[in-house]
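Protein chains in written order, with my numbering: chain W, 59 to 387; chain V, 1434 to 1750; chain B, 17 to 392.
We put the beta carbon where it would ideally sit given N, CA and C, even for glycine.
Take a look at the structure set out below.
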Amino acid sequence: MASSSDSPMDGAPVIDFDRFVPTRSAIAARKRKDLLMRVLVAAAFVIALVPLVSVLWTTIASGVRRLNLNFLSYNMSGVIGGRPTPSGGYGGILHAVIGTLEITLGAVAISVPIGIMCAVYLVEYAHGGPLSRIIAILVDVMSGIPSIVAGLFAFSMFSIVFGPGTINGISGSVALSLLMLPTVVKSSEEMLKIVPDDLREASLALGVTKQRTITKIVLRTSLPGIVSGVILAIARVIGETAPLLMTAGYIATTNFNLFSGQMTTLPVYVYQEYSKLSVTCPASAGADCITSIPMQRSWAAALTLIILVLILNLVGRLVARVFAVKTER
Amino acid sequence: MSLHSTATESRGADRRGDAIFKGVAYGCGILILIVLAAVTLFLLFRAWPLIGGDGKANAATVESFTGGLAHNFWQYVGPLVFGTVLVAALALGIAFFIAVGIALFISHYAPRRLAAVLNYIVDLLAAIPSVIYGLWGGLVLVPAIHPFWDWVARYFGWIPIFSGPAANPSRTVATVAVVLAVMILPIITSMSRDIFVQTPRLQEEAALALGATKWEMIKLAVLPFGRSGIVSASMLGLGRALGETMAVLMILSPGLRYSFKLLQASQSQTIAANIAAQYPEANNLGVSTLIGTGLVLFLITFLVNFLARKITRKIGA
Amino acid sequence: MRKNTLIRSIAAVCGITMLAGFAACGDNTAATNGSDAGATQKGAAKISGEFQGAGASSQQTAVEAWIASYTQQNPDAKISYNPTGSGAGVTTFLTGATAWAGSDASLSADEVKQSASVCASGNAFDVPVYISPIAIVFNLKGVSGKDKHVNMDGSTIAKIFDGKITKWNDPAIAEQNPKATLPDTPITVVHRSDKSGTTKNFLSYVKDVAGSDWNYEVGENWPNQIGQGGKGTDGVINTVSQADGTIGYADASKAGELGTVAVKVGEDYVPYSAEAAAKVVDASPVDADATGENRVVIALNHKIDSGNAYPVVLVSYDVACPAYKDAKTGEFVKSWLNYVVSKEGQQTAADASGSAPMSDSLRQKVVKSIEAIKTK
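Written out as structure tokens, the structure is:
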């Protein structure tokens, strides 16, 4: 008590604060480093932009020439070499667009209910139990399944279950749904998690059953987020080529039946037309005959595919923004 | 029918509905397990002739695939695994720093309005179908990049991996790695960006208040915070590169060697592209062999994703 | 309320898509006159129903043209051809899932035996339907170009593709081309990287005419590690056209702007042409090993030395059953194959894909086999 008059600094090491005054060169070095990193980060951005712009530019420049209404409204039946068809065009992609839409819708029909219910299980029912942890890990792992393996799986399953040589749209849907499922589960899980617990508790307190609470309150509230997640998942699988090459086949005419017969999809169409490279124009065909028509069709279909993906992305984002859940955060 | 009995009845129905709903939810969770098991089992079943079938016929199939270079399944799949991992690792190596750079640019350097636009562009690029990257790579990039590889081979040829002469046209591992890097760039970027944006504002401002430069602030606050996110993003990118089919198929001139000569053609091939290339002309046993290689690819990606998950957990904890 | 608008808008979008989908089928048929003309031309009973084929991608362009003209005559027939490749095509055919298969290779004895289980009676047979020259294409600044040729004999070709001749101005090439000024460019060999009938036919030519310079077995896969590989005809053509000094082989119809090799036959150098290819097929005997009933398999005579025949040729077959479990399918296959090998059908293919129309003498043999298909 008596000694309290001593300075609290007594016995403390004497610090030479001057040591911490930065030298001018140190400051300059730090500033230089900062500038260097700034330049590097900007450079990374520019470097990445070059190929990406080139991809888009090539597709647009090569695709826009053949992309017209006729191309979109006819299929490839009646196309002989490079000669124009009776409809005045050079064949089109209607059948591929229909095939893509049907097969993708099939994949959505399979993966979305399962995916959402799985997310419901993970968020609402499993409370960190070992089973749910395993499932959560496997969903992550599943998101890394290579698309060609998904194709091989669908191909093997259908050839074993329905007999060899089974090629139809639905087997393509199965392959795609395998790729969609983890994305749907993950995005739905995120969306369910941000629904405030107050809502659940309020509903349960009113005597509403858990099932009704989930369907009417939780899922309702998170619906826009789930929808936008699903749309982004669609955008991701709609361009898959490899699995559809082995499961859905390739035909020239329009096939509406998902469960029987082959179906052409846009990415497969792009690849097959690219593989054809060129056609021969005999002297009798006249000036309307175009030798490089398969390549032109390929690029135009590629452009259509990009536009389709772009629209889906936009719609997904729009849905997310316009109908976003208002949380108190 | 009194009012009371309807109420109990409906409560009974509610309870049943509750139970059914719960059952369905559990069922869907368990379905994930079943699906993964089914994938493995169906592939195993179809690949079974490799293990349980006639050894001589298997050897003949493998020899017909390789023109007599490999004589059994393991000799066949070995170089393919090597090629797959090599190409994917290179792609990740190229994409990683650039992707993190762009993510930082978007989250911390670019003006807010520009960042919003860039965000959207990056997400869009992540969705460009691989067949289009294949078209672009095979028709535009291969001829365009040759002078660069030629230059690399001339001045860095003393490094074994760049030993020349650079193949012309450049349908080589190096070119494929560049294309795959471009493809996985948006994936890594968008995931790391999402993490960087979430860096606690207080930490950033504290660093700046202490007199840190912007880069020092990023090094002190943003990168440590985002480390686990970056790792899991790059693992996801790696997984995508491992399984990429069309772009490799349309660009690479394949070979079956254990070779690091990145600039020379016909050195390596990836599993996925090999399946797509050989599948059309394969007979029944050939398809089994290819599905066997597919199973190996499945195991590799499984492992990579599993490890990524483990790493993320450890750093995040 | 917001949710309702959301659901409604989703429903609306779905509805519009469905409408657009079902509005039209988009078939490129000439309104009415096409089918009428077809009916009067043929007079025979029209074929209707859905039929599937699968197989060799080499035939793809030709088959698409055949389908287009065939369905003009038989508007109710819906035919599809999946260019999965010869191997997959034959495998699918042997499961009974397709009506016919296209294949670059003739059936093996084993496959003929297996076919008994899918055919209503008898074993499957193969007939040639598509004959196309294989061009040896090259890209060399100042020398190559559309319809420009470099002369080579079999042994030179073998040495180039085995990596023994590595420069374009090698004496072996220069001797045969006294007029051309060949540069010092290194040769890049380009071959198919996938299994292919084109490779097999090319290799069997090389093996036949230059066996001493070619020590590999003839197969559908490329045997050595020289040069670069491309997937499919498109891969080879793209690779060749992207660099200076490349040489490869591909279906002649895709040669485009590339230079081609004129091959030494007897004392002359013959550039590829459909007529020259047809000549070699005419001069070749029927394969004695293909003993099945109705089978017409050609053992190409690569050593032909009479002038104006081009010996590097791909012969692609169609595989069919002599009797089908479904009589309608039998009827279709008979009428389809008859059309395909008819003068008109062969000309359609030649126009679309630059193939060589088959000669009348060969057609007689083939038609005899096709007529053996039972339709009742």
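Residue i: contacting residues in chain V (beta-carbon distance under 7 Å)
| i | result |
| --- | --- |
| Ser102 (chain B) | Glu1714 |
Cα-Cα separation, residue i to residue j
| i | j | result |
| --- | --- | --- |
| Gly283 (chain W) | Asn217 (chain B) | 58 Å |
| Ala266 (chain B) | Ala212 (chain W) | 33 Å |
| Gly202 (chain W) | Phe1538 (chain V) | 27 Å |
| Val205 (chain B) | Arg1626 (chain V) | 46 Å |
| Asn128 (chain W) | Ser145 (chain W) | 8 Å |
| Ser1623 (chain V) | Arg1545 (chain V) | 16 Å |
| Gly173 (chain W) | Ser245 (chain W) | 9 Å |
| Gly1500 (chain V) | His185 (chain W) | 56 Å |
| Thr1605 (chain V) | Pro1576 (chain V) | 12 Å |
| Ile151 (chain W) | Tyr132 (chain W) | 6 Å |
| Asp76 (chain W) | Arg294 (chain W) | 59 Å |
| Val143 (chain B) | Gln130 (chain B) | 18 Å |
| Phe348 (chain B) | Val382 (chain B) | 17 Å |
Reduced DSSP secondary structure (H/G/I, E/B, other) of residue i
| i | result |
| --- | --- |
| Gln75 (chain B) | coil |
| Ala39 (chain B) | Note that Ala39 (chain B) has pLDDT 42, beneath the 50 cutoff, so the model's placement of it is unreliable and no number is given. |
| Trp116 (chain B) | strand |
| Ala1709 (chain V) | helix |
| Gln68 (chain B) | strand |
| Ser342 (chain W) | helix |
| Ser169 (chain W) | helix |
| Lys89 (chain W) | helix |
| Phe141 (chain B) | strand |
| Tyr326 (chain B) | coil |
| Val281 (chain B) | strand |
| Gly221 (chain W) | coil |
| Asp229 (chain B) | helix |
| Lys341 (chain B) | coil |
| Tyr1691 (chain V) | coil |
| Val247 (chain B) | For the record, residue 247 (chain B) in the displayed sequence is Lys; it is not Val. In the structure shown, Lys247 (chain B) sits in coil (DSSP, three-state: anything other than H, G, I, E or B). |
| Ser1699 (chain V) | coil |
| Lys274 (chain W) | helix |
9 Å Cβ cut-off: residues of chain W touching residue i
| i | result |
| --- | --- |
| Pro1562 (chain V) | Ile296, Gly297, Glu298, Thr299, Leu324, Pro325, Val328, Ala360, Leu363, Ile364, Val367 |
| Val1495 (chain V) | Within 9 Å Cβ-Cβ: nothing; Val1495 (chain V) doesn't reach chain W, min ~18 Å. |
Closest Cα partner of residue i within the set the options
| i | options | result |
| --- | --- | --- |
| Leu210 (chain W) | V:Gly1450, V:Ala1705, V:Val1457 | V:Ala1705 |
| Gly1725 (chain V) | V:Gly1456, V:Tyr1459, V:Val1457, V:Asn1491 | V:Asn1491 |
| Arg258 (chain W) | W:Ser245, W:Thr273, W:Glu160, W:Asp346 | W:Thr273 |
| Gly1571 (chain V) | V:Trp1582, V:Thr1608, V:Ser1540 | V:Thr1608 |
| His153 (chain W) | W:Met134, W:Ile138, W:Leu234, W:Val170 | W:Met134 |
| Asp334 (chain B) | B:Val279, B:His165, B:Ile386 | B:Ile386 |
| Ser1563 (chain V) | W:Ser336, W:Arg355, W:Val113 | W:Val113 |
| Val276 (chain W) | W:Ala87, W:Asp256, W:Gln330 | W:Asp256 |
| Leu1728 (chain V) | W:Pro222, W:Leu316, W:Leu281, W:Ser205 | W:Ser205 |
| Pro109 (chain W) | V:Leu1574, V:Ala1709, V:Glu1638, V:Leu1696 | V:Leu1574 |
| Ala1560 (chain V) | W:Gly374, W:Arg379, W:Phe381, W:Val380 | W:Gly374 |
| Leu1519 (chain V) | V:Leu1618, V:Gln1711, V:Leu1643, V:Leu1695 | V:Leu1695 |
Chain W residues whose Cβ lies nearer than 8 Å to that of residue i
| i | result |
| --- | --- |
| Tyr1459 (chain V) | Tyr179, Tyr183 |
Residue i: contacting residues in chain B (beta-carbon distance under 8 Å)
| i | result |
| --- | --- |
| Ala343 (chain W) | Asp367 |
| Ser336 (chain W) | Ser269, Lys270, Gly272 |
| Asn1717 (chain V) | Thr107 |
7 Å Cβ cut-off: residues of chain W touching residue i
| i | result |
| --- | --- |
| Asp1627 (chain V) | Within 7 Å Cβ-Cβ: nothing; Asp1627 (chain V) doesn't reach chain W, min ~11 Å. |
Contact list for residue i against chain B, beta-carbon separation under 7 Å
| i | result |
| --- | --- |
| Arg1604 (chain V) | Gln244, Thr255 |
| Val137 (chain W) | Asn44, Glu80, Ala84 |
| Leu152 (chain W) | Gly42 |
Interface residues of chain V facing residue i [CB-CB closer than 8 Å]
| i | result |
| --- | --- |
| Val197 (chain W) | Ile1465 |
| Thr224 (chain W) | Per Cβ cutoff of 8 Å: no residues; Thr224 (chain W) is ~14 Å from chain V at best. |
Chain B contact residues for residue i, given Cβ-Cβ distances below 9 Å
| i | result |
| --- | --- |
| Leu1572 (chain V) | Asn254, Gln258 |
| Ser333 (chain W) | Ser73, Gln76, Pro99, Lys247, Gly248, Thr249, Asp250, Gly251 |
Write down every uninterrupted run of the alpha helix (DSSP H) in the stretch 149-213 of chain B whose length is 4 residues or greater and which is fully enclosed by it, in chain order. 170-177, 187-192
Start-end ranges of the alpha helix (DSSP H) lying completely within the stretch 1617-1683 of chain V, minimum 4 residues: 1634-1642, 1647-1650, 1656-1676
Please specify which runs of the alpha helix (DSSP H), each continuous and at least 4 residues long, are wholly inside the stretch 1466-1493 of chain V, giving them in chain order. 1482-1485
Would you list, in sequence order, the uninterrupted alpha helix (DSSP H) runs of no fewer than 4 residues that lie entirely inside the stretch 266-339 of chain W? 277-295, 300-305, 324-334
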